[in-house]
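*Asks:* Before anything else, here's the structure in question.
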Amino acid sequence: MPMTEAEAFNIIELVGNVYDMKFNDEKYKIWLDFLTKNGDYQQTLLKTKQYIKEKKFKPTVSEILGYKPNTKIVDTIPVEETKAYKLQHDPEFKKRHEERKKKWQQIKQEWGVMDDET
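The end of the sequence shown is residue 130 by the working numbering, with every number in the run present.
This is how it looks when you write it as structure tokens:
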């Protein structure tokens, strides 16, 4: 979830106070835009505090901007929909599979393709 303007303001205020940065309207708008569109508040706050502990020079937006890691949802395929299950429990599926397998073997033979599979 993107950072809110209030959260971005907290980050800008923290950086501005610690490093005595003079945020004019233009600089404030740029930082606000980058933080709200690209940053995660908690990650940015952690990076900002870490930066403050370690660095004596003013930060750039990229040095403190924190991102939330992308979480990928992995859907599990139900067992009943797997090829192995269907081959054992669905005679029609097994028949079509064997027909396609034979057809593929014929095509490979016509093309002169050799492999180790039988």
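The C-beta atom is built at its ideal place from N, Cα and C for all residues, glycine as well.
Given the structure is predicted, the values throughout are model-derived calculations rather than measurements.
Suppose contacts are defined by Cβ-Cβ distances below 8 angstroms. Is Lys80 in contact with Asp52 by that definition?
*Replies:* Within the sequence shown, the letter at position 68 stands for residue 80. Within the sequence shown, the letter at position 40 stands for residue 52. Yes; because the gap between Cβ atoms is below 8 angstroms, this pair is in contact.
*Asks:* Between Lys68 and Glu93, what straight-line distance do the alpha-carbon atoms span, to the nearest angstrom?
*Replies:* For the purposes of this step, residue 68 is taken as the residue at position 56 of the sequence shown. For the purposes of this step, residue 93 is taken as the residue at position 81 of the sequence shown. One C-alpha to the other measures close to 59 angstroms.
*Asks:* Between which two residues does the alpha helix (DSSP H) harbouring Lys113 extend?
*Replies:* In the sequence shown, the residue the question calls residue 113 occupies position 101. 103–123 is the extent of the alpha helix (DSSP H) around Lys113.
*Asks:* Determine the extent of the alpha helix (DSSP H) in which Tyr40 is found, giving its start and end residues.
*Replies:* The count along the sequence shown starts at 1 and reaches residue 40 at position 28. Run containing Tyr40: 37–50, per the alpha helix (DSSP H) assignment.
*Asks:* Name the residue from Gln62, Tyr31, Glu19, Pro71 whose alpha carbon lies nearest to the alpha carbon of Leu47.
*Replies:* Along the sequence shown, one-based indexing puts residue 47 at 35. The residue with the shortest Cα to Cα distance from Leu47 is Glu19.
*Asks:* Considering Cα atoms alone, identify which of Glu110, Thr16, Val30, Phe21 is closest to Lys65.
*Replies:* The residue given as residue 65 occupies position 53 in the sequence shown. Per the Cα distances, Val30.
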